[in-house]
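Okay, structure first, notes after.
Protein chains in written order, with this note's numbering: chain A, 1 to 316; chain B, 1001 to 1329; chain C, 2001 to 2059.
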């Protein structure tokens, strides 16, 4: 008797599925017509070698997806229950750099609330200033400096400080789809873009993310740290945190839904039904990316995902 | 010469650990997340003194010193002490080399430190919950095997031998270290021993007492991590039988083929908890082998093992579990 | 002892316990004389050389 490894996940989309192995980091993008046998095995979790086609068995064995066990102990191999856990109320603070006062305040906020990741967008060389400010602090643990300034991009990364090029492509694209166990687990229950994030714009206004509409305060105000501590626990600030992809019209049919980070604001139709105003760059109904030959928009397929309803001429 | 002011604390929880342990950082961050009232003593960089103790009232405070800071820790509110790893450094002021060369002086210092260390352990154990092993956390493998047999664990056939020729010829044996692995360095290389199959041809007729066990044909190994009453296990598959075509991937033989979450049967759990009681452990990692005929063989216990990986295999953050367990005591 | 074979040849002579001859060797990294960077954590009052970095695309 063989068991399917707990490292394996199968995410079914409308036309294609993703078979992923967290152990080896292999990803297989498979047509749903070919995925039936694996899907059944995956549900069963245990099988006898004779039950499976030889090619499939060889594939599973070669890719370290199965283990040899005995029928009498199969109940000792529990199904893994992935839950995202974080010991930080806020994981990411994003700052659009404008001056040193806001930089210092952002760092102060990280220290006071224990935010481990600080991301700063800017084109001015403030790397030394950052290094000096954080050297004696426990938080933020790391600073990612995001810039399009070529002279800054030439600089070497420092301890706890990484310099990254600003990504001008559309947010969700082929290159940003990522298989990683933490992202996967987070995506099961949370919105991987909005969850545990806080953003300060170049004028000091505080929001959940750059795309968010709601402004909560300005760091020029007095007692800004106390105020921030109070707003990050409110339902309003956390509005989108639990909108995971299985609640969203189109995304729930996409095989990449546990591998993507999507910056579009979701809108609620009714509880547990959310939609987006714009399409992302992948159409899971025809499994094509924007720019690929044969690509069509979701709308052009006759699918409606709006405030009023979700409807589709395709069998869903 | 530093001039520092002492900071006084009255924590409810004391954490003693070595800064080289990666779980220590996460455990303390979870404790902070849960707003626990705790203080950390770092085994390598902190120097400890019993600052004040009144045997009449049993009130104690410790002085903790390191390069930059000084703390006076009032022990009276401490409910739980968690020792993750490490030996406490007691304050011994520097003295001349001439004095240090004298055996009697070294004896004096050694016994002085030993007494204070033992007393501190005694004091904590009599008034608080103490999790973990004090001091070197050294556990006698041979005694553990005997006690494991007494709580009715199956263990591999075990021998201590000076003459390997008295073992059976048609049987496979493995040699294990009696205490710790031997690590030697030479020519810019580090040589480290591991538990492995015994090659009889290598040995002279008489050798030093060696620990030998009959090799068990296993289906997989099991590691069980226990923290107080919380138990988490994983099954470790080292290699698959060659079923068919040549494996075209190059596998590193040192890394397991697969690790899977596992739940051990209740009777095994009970025996583990019983063994822990006997060995006076409240946390540790237990290694077993599971055989084709459905038997679990006990191999050894490590009181200070790493558990981060096991947690990940089981889908659990064990640092969080530990922090919660410490707080709820 | 340049390799496992030499190690075994040499140590065989001493009649040490049997476990001593099952050996693996690793090259030793040169001692770095440069100062290693640390992250000081106020929570544990300890120095760490590991730190948290973003695990996903953030902006």
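Glycine is no exception: its CB is placed at the ideal position from the N, C-alpha and C atoms.
query, result
"Distance check for residue 1127 of chain B and residue 1026 of chain B, CA to CA, integer angstroms please.", "27 Å"
"Considering only C-alpha positions, which residue in the set B:1226, B:1257, B:1262 is nearest to residue 60 of chain A?", "B:1257"
"Looking at the unbroken alpha helix (DSSP H) that takes in residue 318 of chain A, where does it start and where does it end?", "Past the boundaries of the shown model lies residue 318 of chain A; chain A is included only from 1 to 316, so the question cannot be answered."
"Cα separation between residue 284 of chain A and residue 19 of chain A?", "16 Å"
"Can you give the Cα-Cα distance for residue 240 of chain A and residue 297 of chain A, rounded to whole angstroms?", "25 Å"
"Would you mind stating whether residue 66 of chain A and residue 3 of chain A have Cβ atoms separated by less than 8 Å?", "yes"
"Starting from residue 1213 of chain B and walking both ways along the beta strand (DSSP E), at which residues does that stretch end?", "1210-1214"
"Residue 1130 of chain B lies in the beta strand (DSSP E); which residues open and close that run?", "1129-1131"
"Just to make sure I have the definition right: I need the residues of chain C whose C-beta is within less than 9 Å of the C-beta of residue 1206 of chain B. Which are they?", "2015"
"Can you find a heavy atom of the ligand PLP that lies under 7 Å from the Cβ of residue 62 of chain A?", "Among the ligands in the structure shown, none appear at all, so the ligand PLP cannot be discussed."
"Beta-carbon within less than 6 Å of residue 1251 of chain B's beta-carbon, same chain only, minus the 5 sequence neighbours each way: which residues are those?", "Note on residue 1251 of chain B: pLDDT 44, under 50, position unreliable in the model; the coordinate value appears next. Contacts found: none."
"Using CA coordinates, which residue listed in B:1324, B:1209, B:1133, B:1314 is at the minimum distance from residue 1162 of chain B?", "B:1209"
"Among the residues of its own chain, which have a CB less than 8 Å from the CB of residue 278 of chain A, if the five just before and after it don't count?", "264"
"To the nearest angstrom, how far is the alpha carbon of residue 54 of chain A from that of residue 1217 of chain B?", "27 Å"
"So residue 77 of chain A contacts chain B; which residues on that side make the cut at Cβ distance below 9 Å?", "1235, 1260, 1261, 1262, 1263"
"Are any of the Cβ atoms in chain A nearer than 8 Å to that of residue 2057 of chain C?", "yes"
"Buried or exposed, going by whether 16 or more other CB atoms sit within 10 Å of the CB of residue 293 of chain A?", "exposed"
"Report back the beta-carbon spacing between residue 2002 of chain C and residue 261 of chain A to the nearest angstrom; my notes put them in contact at under 8 Å.", "With 8 Å as the limit, residue 2002 of chain C and residue 261 of chain A do not qualify as a contact, their Cβ atoms being about 51 Å apart."
"Applying the criterion that 16 or more other CB atoms from any shown protein chain within 10 Å of the CB defines a buried residue, is residue 235 of chain A buried or exposed?", "exposed"
"Please name the residue in C:2013, C:2007, C:2045, C:2023 whose C-alpha comes closest to that of residue 1192 of chain B.", "C:2023"
"Evaluate the contact criterion for the segment 1141-1149 of chain B versus the segment 1182-1192 of chain B: three or more CB pairs, one atom per stretch, below 8 Å.", "no"
"Taking the straight line between their C-alpha atoms, what separation do you get for residue 182 of chain A and residue 1308 of chain B?", "15 Å"
"With a threshold of 8 Å between beta carbons, is residue 261 of chain A in contact with chain D?", "In the structure shown, chain D cannot be found, because the protein chains are A, B and C."
"Expressed to the nearest angstrom, what Euclidean distance is found between the alpha-carbon atoms of residue 1334 of chain B and residue 1049 of chain B?", "Residue 1334 of chain B is absent from the structure shown; chain B starts at 1001 and stops at 1329."
"Quick one: is residue 1257 of chain B near chain A, going by C-beta distance under 8 Å?", "yes"
"Using the Cβ count rule (16 or more neighbours within 10 Å means buried), how would you classify residue 128 of chain A?", "exposed"
"Per DSSP, which one or two residues make a beta bridge with residue 1072 of chain B?", "B:1008, B:1063"
"Starting from residue 2007 of chain C and walking both ways along the alpha helix (DSSP H), at which residues does that stretch end?", "2004-2012"
"Which residues in chain C have a C-beta closer than 8 Å to the C-beta of residue 1304 of chain B? List them in chain order.", "Chain C residues near residue 1304 of chain B: none, gap ~17 Å exceeds 8 Å."
"Using only the alpha-carbon positions, how far apart do residue 1091 of chain B and residue 2045 of chain C sit?", "19 Å"
"So with CB distances below 7 Å, who are the chain B contacts of residue 85 of chain A?", "1317, 1320"
"Give the DSSP-derived three-state secondary structure of residue 1276 of chain B in the structure shown.", "helix"
"Chain C beta carbons: is any one of them nearer than 8 Å to that of residue 1196 of chain B?", "yes"
"Using DSSP's beta-bridge definition, name the partner residues of residue 68 of chain A.", "A:2"
"Ordered along the chain, which non-local residues of its own chain (more than five positions away) have a Cβ less than 7 Å from that of residue 1109 of chain B?", "1092"
"Would residue 1012 of chain B pass as a contact of residue 1078 of chain B if the rule is Cβ separation under 8 Å?", "yes"
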